[in-house]
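Start counting the sequence shown at 19; every next residue gets the next number (the numbering used here). Below you'll find the structure, written out as C-alpha cells, and then a few comments.
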Amino acid sequence: MENWQAIVATAMFVGVIFLVMTEWIQLTIAAFLGALLLVFFNVMTLPEAIGYIGRSHGTLGLFFGVMVLVRAFEPTKIFDYLATQMVVLAKGRGNLLLLGIVGITTPICAVLPNATTVMLLAPLIPPMAEEVGVNFVPLLILMVFVANSAGLLTIVGDPATFIVGDAINLSFTDYMLRLSLGGVIAIVTLVATLPFLFRKIWNTKLENLNQLPHPQINHP
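Spelled out as C-alpha cells, the structure:
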C-alpha cells in the first residue's frame, strides 16, 4: 500500500483528538503517545520528530513564559483591578464591554499567538462578568472567537500558520498582502453578529457604577 504512512498519520491524529475530547488520559500524555506511535510505525524518524519540536521552540517558550507571568501576577490582583477599569470605561453597558473585548484582543493577536493572548487576557473575564452580573462563559467564548479570527491577520497570529508559512518561506509582508483580508472579514462578521449571538449581555446595563468594588494592586 503506497499511502500507508498518510493513513497511519491520519489515524494517529484522529485518535489523539478523540483522547483530547474525551479526556480519558491526560492531554500531554495523549499528544506524546501519538508522536511516539508515529516514530514506532516509521512514519517519521526520531531525528525528524526532534527537528519539528526544535523549530517550534520559540512558540513553546512563549507559551511557557506567559503561563509563568499569569501565575506570578495573580496574587497582585492586577486582573481584578483591570477588570473593574474596563467595566468603568464601558459605563456598565454590556454592548460596550463586548466591543471592548474585541478591541483589546484583536491588536494583541496581531503580534502574539492567539493561544498566548487568550492565556494572557482570560483572567480578566471572570471578575469582569461578576461585576456586571452576567455569566463569564459567553465572554470567554467570545474571546476565543476573536482570538481565532484575529490570528488570521498576521503570520505570527497563530502557531499553525507560522509553522506552515515558515515551511513554504512565506514572509510577513507576503502573508499580509495575500491572506490578511480573511482575518479582517472574520472580525467584521463577528462584530456584526454580536447583538444576536450575545443578546442578553448586549442589552445588559449596570446602573450603579459607584457600588463597584475598587480592588487595589498588591505590590509584592
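In this text, a Cβ means the ideal position worked out from N, Cα and C, and glycines have one as well.
ask   = Candidates 215, 144, 189 and 82: which alpha carbon is nearest residue 97's?
value = Comparing alpha carbon positions, the residue from 215, 144, 189 and 82 closest to residue 97 is 144.
query = Counting Cβ pairs, one atom from each stretch, are 3 or more of them under 8 Å apart for the stretch 50-59 and the stretch 21-32?
reply = Enough Cβ pairs lie closer than 8 Å, so yes.
task = Determine the direct distance from the alpha carbon of residue 68 to that of residue 103, and round the result to whole angstroms.
result = Across the structure, residue 103 and residue 68 are spaced so that their CA atoms are roughly 45 Å apart.
task = Name the one or two DSSP bridge partners that residue 223 has.
result = Per DSSP, the beta bridge partners of residue 223 are 111.
request  = Please state whether DSSP places residue 42 in a helix, a strand or coil.
outcome  = Secondary structure at residue 42: coil, using DSSP grouped into helix, strand and coil.
inquiry  = Please state the DSSP three-state secondary structure of residue 131.
reply    = Three-state result, residue 131: coil.
query = For residue 176, which of helix, strand or coil comes out of DSSP?
reply = Assignment of residue 176 by DSSP, reduced to helix, strand and coil, places it in the coil class.
query = How about residue 84 and residue 160: do their beta carbons lie closer than 8 Å?
reply = Taking 8 Å as the cut-off, the beta carbon of residue 84 is found no closer than this to the beta carbon of residue 160.
ask   = Smallest Cα separation from residue 99: which of 148, 182 and 82?
value = Taking only the C-alpha atoms, the option nearest residue 99 is 148.
request  = Please check the pair residue 59 and residue 38, which I expect to be a contact at CB under 8 Å, by giving their CB distance rounded to whole angstroms.
outcome  = Incorrect: roughly 20 Å between the Cβ atoms, too far for contact.
task = Could you check the C-alpha separation between residue 129 and residue 174 for me, to the nearest Å?
result = Taking the straight line joining both Cα atoms gives about 6 Å.
query = When DSSP labels each residue in this structure, what does residue 153 get in the three-state scheme?
reply = If DSSP states are grouped into helix, strand and coil, residue 153 belongs with coil.
request  = Within its chain, find whatever has a CB closer than 8 Å to the CB of residue 151; leave out the 5 residues flanking it on each side and keep chain order.
outcome  = So the qualifying residues of the chain are 222 and 224.
request  = On a CA-only basis, which of 220, 61, 123 and 226 is nearest residue 114? Give me that one, please.
outcome  = Selected option, being the one with the closest Cα: 220.
inquiry  = Given this structure, state the Cα-to-Cα distance separating residue 216 from residue 120, to the nearest angstrom.
reply    = Cα to Cα, the separation comes out at about 13 Å.
key: Coil, strand or helix - residue 186 by DSSP   = Three-state result, residue 186: coil.
Beta-carbon proximity of residue 82 to residue 134, cut-off 8 Å = A distance of 8 Å or more separates the beta carbons of residue 82 and residue 134.
task = Taking all protein chains shown into account, decide if residue 205 is buried (16 or more other Cβ within 10 angstroms of its Cβ) or exposed.
result = So residue 205 ends up on the buried side.
message = What would DSSP say about residue 21, mapped onto helix, strand or coil?
response = Here residue 21 sits in coil by DSSP.
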